[in-house]
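Notes for the one structure printed next.
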Amino acid sequence: MKRLEELDAFLITNDELRATIEAIGWRDFIAEIQKGFEQTALGYSVTPPKVYVNTDVSDMRCMPSYLPKYNPRYCGVKIVCVAPENAKIGVPTVLGEYLLRDAETQHLLAVLQAEEMTAFRTGAATGVATDALARRDCETLGLVGAGKQSYYQAKAILTVRPSIEQIKLVDLVPERAQAFKARHQQEFGVEIAVVDLEAAVDTDILTTVTPATEPFVFTEQLHPGMHLNGVGADAKSKIEFAPEVLRQARIVVDDLAQCIHSGEVYQGLEQGIITEQDLIPLGDVLLQRQAGRTSAEDVTFFKSTGVAFQDLITAILVFERLMA
């Protein structure tokens with residue numbers, strides 16, 4: 649951890665953050681992110697919806713948060729930028745920085761590179777939701793998309809559902825799916841089968857991590873007991889599941905204010921297929937205020953948009969461990 653003398657603060661790199669979260673372990677990290685959902689449901693989170701600044705080809709998002717009951721010492725803000733066209737020039741499509749501050753004095757404590765932070769906490773949030781909503785006997789995981797985030801999704805889901813025996817993976821670029829399999833199958837300890845979309849959807853847990861602007865999962869592909877994680881469609885223009893899918897599912901969301909402007913939920917509301925009353929905050933499920941899965945036959949759907957408290961918790965955990 650390098651000291652930035654001019655700022656009287658520390659710099660924490662992506663590599664340092666990755667090594668620290670791996671040392672903490674996925675199970676414990678997921679448990680910490682769960683606390684953030686619970687604190688939010690209890691009204692203890694000062695976390696406004698993210699602010700978007702859109703350009704013609706990219707966007708910048710501002711995400712501040714303060715969790716006084718989780719740890720009153722810290723507050724912080726992430727600036728994260730998404731530039732899909734970067735993939736064509738071999739540059740990461742998600743870029744960002746996190747500013748961790750002393751909540752009393754507002755002194756800057758650390759600047760963290762935020763690419764790995766975003767990847768880890770997004771996976772962990774899916775882990776929290778999957779643990780709360782998916783059947784305990786799930787044996788197959790479908791992954792649509794073989795990009796960077798799919799690794800973190802799989803790691804989190806395998807952590808909370810060790811019953812999984814096979815991952816069915818599909819990507820628009822088959823070579824990318826094969827490369828994912830070659831890199832990760834031994835680490836995951838389960839078979840990774842590169843399949844077509846129909847086979848990937850025919851699974852116990854389906855997680856989609858794509859920038860799609862047209863739906864590719866429809867109601868006729870659903871089967872009783874499925875759990876769905878919609879991770880890729882985090883803007884109005886993006887969508888992975890046909891809005892009619894939501895009518896067949898119990899819909900659990902990471903953040904109500906953000907989800908109504910994102911992907912399937914936004915389009916389902918606009919088309920009158922669902923109402924806001926159909927949306928269940930994940931924190932309420934965790935606190936048993938509302939039911940998530942009510943039977944083995946339910947189809948459950950988790951909408952992930954990424955919430956700023958997830959980044960704050962990640963920054964606190966990493967900073968305190970490195971300072972110890």
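If you're matching positions, the sequence shown starts at 649 in the working numbering and goes up one per residue. Quick reminder that beta carbons are idealized off the backbone N, C-alpha and C, glycines included.
Relative to the C-alpha of residue i, which candidate in the options has its C-alpha closest?
i	options	result
Val-901	Val-776, Glu-839, Asp-850, Lys-829	Val-776
Gln-915	Lys-884, Val-725, Val-705, Gly-771	Lys-884
Phe-950	Asp-926, Arg-749, Phe-967	Asp-926
Gly-920	Glu-892, Ile-660, Cys-907	Glu-892
Gly-705	Leu-715, Lys-736, Arg-675, Val-725	In the sequence under discussion, the amino acid at residue 705 is Val, which differs from the Gly named in the question. Comparing Cα-Cα distances from Val-705 to each of Leu-715, Lys-736, Arg-675, Val-725, the minimum goes to Lys-736.
Thr-766	Phe-957, Arg-898, Thr-703	Phe-957
Gly-880	Glu-868, Pro-863, Val-821	Pro-863
Glu-846	Leu-817, Val-838, His-832, Ala-827	Leu-817
Asp-663	Phe-768, Glu-787, Cys-710	Phe-768
Gln-834	Val-821, Val-865, Thr-695, Ile-815	Ile-815
Thr-753	Ala-762, Val-728, Arg-721, Val-742	Arg-721
Leu-806	Thr-788, Asp-750, Ala-827, Pro-732	Thr-788
Lys-726	Met-971, Ile-961, Leu-791	Ile-961
Would you give the residue range spanned by the beta strand (DSSP E) that residue i belongs to?
i	result
Ile-681	No beta strand (DSSP E) holds Ile-681; the alpha helix (DSSP H) holding it covers 674–689.
Asp-707	707–714
Asp-700	Looking at the sequence shown, residue 700 is not Asp but Tyr. Element bounds for Tyr-700: 699–702.
Ala-657	657–660
Ile-737	Segment: none, Ile-737 is in no beta strand (DSSP E) and carries neither H nor E.
His-788	A small fix is needed here, since residue 788 is Thr in this sequence, not His. Thr-788 -> beta strand (DSSP E) spans 788–792.
Val-742	742–750
Ala-972	From DSSP, Ala-972 is part of no beta strand (DSSP E); its letter is neither H nor E.
Ala-841	839–842
Arg-651	650–652
Chain B beta carbons: is any one of them nearer than 8 Å to that of residue i?
i	result
Gln-833	Looking at the structure shown, chain B is missing, and only one protein chain is on hand.
Is DSSP giving residue i helix, strand or coil here?
i	result
Phe-866	coil
Tyr-722	strand
Val-966	helix
Tyr-692	coil
Asp-646	Since the first residue shown for the chain is 649 and the last is 972, residue 646 is missing from the structure and cannot be characterised.
Asp-663	helix
Thr-753	coil
Thr-953	coil
Thr-856	strand
Ala-671	helix
So, for residue i: in the same chain, excluding its five sequence neighbours on each side, which residues have a beta-carbon less than 8 Å away from its beta-carbon?
i	result
Arg-969	Thr-668, Ala-671, Ile-672
Arg-783	Asp-852, Gly-873, His-875, Arg-941, Ala-944
Leu-894	Glu-912, Val-913, Gly-916, Ile-921, Ile-922, Asp-926, Phe-949
Ser-910	Ala-881, Asp-882, Ala-883, Lys-884, Lys-886, Lys-951, Thr-953
Cys-729	Ser-706, Asp-707, Met-708, Arg-709, Val-742, Leu-743, Gly-744
Ile-908	Tyr-914, Leu-917, Glu-924, Leu-927
Could you check where the alpha helix (DSSP H) with residue i kicks off and where it finishes?
i	result
Asp-779	763–781
Gln-814	Careful: Gln-814 lies outside any alpha helix (DSSP H), inside the beta strand (DSSP E) at 814–818.
Phe-828	822–836
Lys-796	796–808
Ignore the nearest five residues each way along the sequence and tell me which others in residue i's own chain have a CB closer than 6 Å to its CB.
i	result
Tyr-692	Lys-717
Asp-779	Val-808
Asp-656	none
Gln-869	Val-849
Asp-1002	This structure cannot settle anything about residue 1002, because the visible part of the chain is limited to 649 through 972.
Whose C-beta lies closer than 7 Å to the C-beta of residue i among residues of the same chain, with five residues either side of it excluded?
i	result
Asn-719	Ile-964
- Run through the segment 863–946 for me and flag every whole beta strand (DSSP E) of 3 or more residues, listed as ranges in chain order. 875–878, 898–901, 927–929
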